[in-house]
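Worksheet: the structure to be examined is printed underneath.
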Amino acid sequence: MFSGMSMAGSIKGSCILLLQALSEWKVARRPPRISMAPADWERSLRDPTAFYAECVRYFHSEAPAEFREHREYFHNVRENRRGYGENAFHTMWYFLLERFRPRNFLEIGVFRGQVISLVRLWARLRGVGCEVWGISPFSSAGDSVSTYRKDIDYYQDTLRNFEHFKLPAPGLLRAYSTDAQALELIGSKQWEMVYIDGNHDYEVARQDWEACSRSLQPGGVIVLDDSGLTTAFRPPIFATKGHPGPSQLAREVDRAKFREVIQVGHNRAFQRLPG
Ligand SMILES: C[S@@+](CC[C@H](N)C(=O)[O-])C[C@H]1O[C@@H](n2cnc3c(N)ncnc32)[C@H](O)[C@@H]1O
Numbered sequence: 000m001f002s003g004m005s006m007a008g009s010i011k012g013s014c015i016l017l018l019q020a021l022s023e024w025k026v027a028r029r030p031p032r033i034s035m036a037p038a039d040w041e042r043s044l045r046d047p048t049a050f051y052a053e054c055v056r057y058f059h060s061e062a063p064a065e066f067r068e069h070r071e072y073f074h075n076v077r078e079n080r081r082g083y084g085e086n087a088f089h090t091m092w093y094f095l096l097e098r099f100r101p102r103n104f105l106e107i108g109v110f111r112g113q114v115i116s117l118v119r120l121w122a123r124l125r126g127v128g129c130e131v132w133g134i135s136p137f138s139s140a141g142d143s144v145s146t147y148r149k150d151i152d153y154y155q156d157t158l159r160n161f162e163h164f165k166l167p168a169p170g171l172l173r174a175y176s177t178d179a180q181a182l183e184l185i186g187s188k189q190w191e192m193v194y195i196d197g198n199h200d201y202e203v204a205r206q207d208w209e210a211c212s213r214s215l216q217p218g219g220v221i222v223l224d225d226s227g228l229t230t231a232f233r234p235p236i237f238a239t240k241g242h243p244g245p246s247q248l249a250r251e252v253d254r255a256k257f258r259e260v261i262q263v264g265h266n267r268a269f270q271r272l273p274g
């Protein structure tokens, strides 16, 4: 039974969800005016707010149906949401995967497997091989800005979500990204695409960047989640701008070694330059 407070909280939560959905629907009514062309991506850095709206439109009308179904599965409110993020991020992943076609992919901070399963789904759609790894404690471990539910077996749940889409199981390492085993895995390959979305505190995010950028193939890409606070992005009510730690880290990225290639909301992607 609901207490007075939790009933009020639940009604308020439902109203916010409704307003967010309505606001996104209004944005999505127009057809998108973006493509995967690099010139269009540059717009994301000049005007991240307008570009974000285009990514929302692209998600609703141009992205592969499999991407939309995948997002619906992970974002389903009735299932208490299996994944974080925003619909526009599925557009970002589609653009990045199609352009860079990574043969391996590493995610730090897996939660319930939304992004690594999307990468595998893309590889199946394109009939290409892509080795997928995730490093995460698979527990409710959070940080100074995030808390997670305690009643989920995150490891089994991630595997179940892969099975739902009939995808081959990923490589999963149960560890904190700063543990010796994790550093060993990160250092064991030249990664072609990495997504950093684990602990959002500056010191840890910085260590994740250092370890992953050392093992990134020239031309490879690192996506930093929650790093939009220091940009011109003005989020609509169904989006967020990020957290201080990853945002400070993104500002410090060495532009002599990395080029920012795209920003979609609070996600920013950096490509390692040759040499
Ligand atoms: C925001 S969630 C990731 C969401 C996921 N990327 C997605 O798109 O659905 C952050 C995850 O990182 C995990 N995490 C926390 N500290 C970590 C650390 N030091 N190393 C790796 N993962 C960590 C959390 O337990 C949580 O599962």
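So in numbering that gives the first Met the number 0, spot 254 of the sequence shown is number 253, and the numbers just go up one at a time. Glycine residues also receive a C-beta, built at the ideal position from the N, C-alpha and C atoms.
Please state if the CB of residue j and the CB of residue i are separated by a distance shorter than 9 Å.
{"i": "leucine 120", "j": "leucine 172", "result": "no"}
{"i": "arginine 56", "j": "proline 30", "result": "yes"}
{"i": "glutamine 189", "j": "glycine 219", "result": "yes"}
{"i": "alanine 210", "j": "glycine 227", "result": "no"}
{"i": "valine 144", "j": "valine 131", "result": "no"}
{"i": "isoleucine 221", "j": "alanine 268", "result": "yes"}
{"i": "glutamine 113", "j": "arginine 77", "result": "no"}
{"i": "leucine 223", "j": "leucine 184", "result": "no"}
Round the Cβ separation of residue i and residue j to the nearest angstrom and send it over; I've been treating them as touching at under 8 Å.
{"i": "glycine 136", "j": "alanine 174", "result": "Glycine is not the amino acid found at residue 136; the sequence shown has proline there. About 7 Å; that satisfies the 8 Å criterion."}
{"i": "threonine 230", "j": "glutamine 262", "result": "6 Å"}
{"i": "aspartate 225", "j": "histidine 199", "result": "6 Å"}
{"i": "phenylalanine 164", "j": "histidine 69", "result": "7 Å"}
{"i": "glycine 133", "j": "valine 109", "result": "4 Å"}
Would you list the residues sitting across from residue i in a DSSP beta bridge?
{"i": "leucine 228", "result": "The partner list for leucine 228 (beta bridge, DSSP) is empty, contrary to what the question assumes."}
{"i": "proline 35", "result": "According to the sequence as given, residue 35 is methionine; it is not proline. DSSP output for methionine 35 lists no bridge partner at all."}
{"i": "glutamate 130", "result": "Asn103"}
{"i": "alanine 268", "result": "Val222, Ile261"}
{"i": "leucine 120", "result": "BP columns for leucine 120 are empty, so no partner."}
{"i": "valine 193", "result": "Leu105, Ile221"}
{"i": "leucine 276", "result": "The displayed coordinates of the chain run from 0 to 274. Any statement about residue 276 would go beyond what the structure contains."}
{"i": "arginine 173", "result": "Ser135"}
{"i": "aspartate 152", "result": "Partner(s): none; aspartate 152 has no beta bridge."}
{"i": "serine 145", "result": "Asp142"}
Answer with buried or exposed for residue i, where buried requires no fewer than 16 other C-beta atoms within 10 angstroms of its C-beta.
{"i": "asparagine 103", "result": "buried"}
{"i": "glycine 128", "result": "exposed"}
{"i": "glycine 8", "result": "exposed"}
{"i": "glycine 241", "result": "buried"}
{"i": "methionine 0", "result": "Bear in mind that the predicted position of methionine 0 carries a pLDDT of just 36, short of 50, making it unreliable; the figure below should be weighed with that in mind. Its Cβ having fewer than 16 others within 10 Å, methionine 0 is exposed."}
{"i": "tryptophan 35", "result": "Per the sequence shown, residue 35 should be read as methionine rather than tryptophan. Exposed: under 16 other Cβ atoms inside 10 Å."}
{"i": "aspartate 152", "result": "exposed"}
Next on the checklist: Please give the ranges of any beta strand (DSSP E) in the stretch 210 to 259, keeping only runs that are unbroken, at least 3 residues long and fully inside the region.
Outcome noted: Counting only runs of 3 or more, we get 215 to 223.
Checklist entry - For the stretch 25 to 69, which segments carrying the alpha helix (DSSP H) assignment without a break, of at least 4 residues, lie completely within its bounds, in sequence order? => result With a minimum length of 4 residues, the unbroken runs of alpha helix (DSSP H) contained wholly in the stretch 25 to 69 fall at 37 to 45, 47 to 60.
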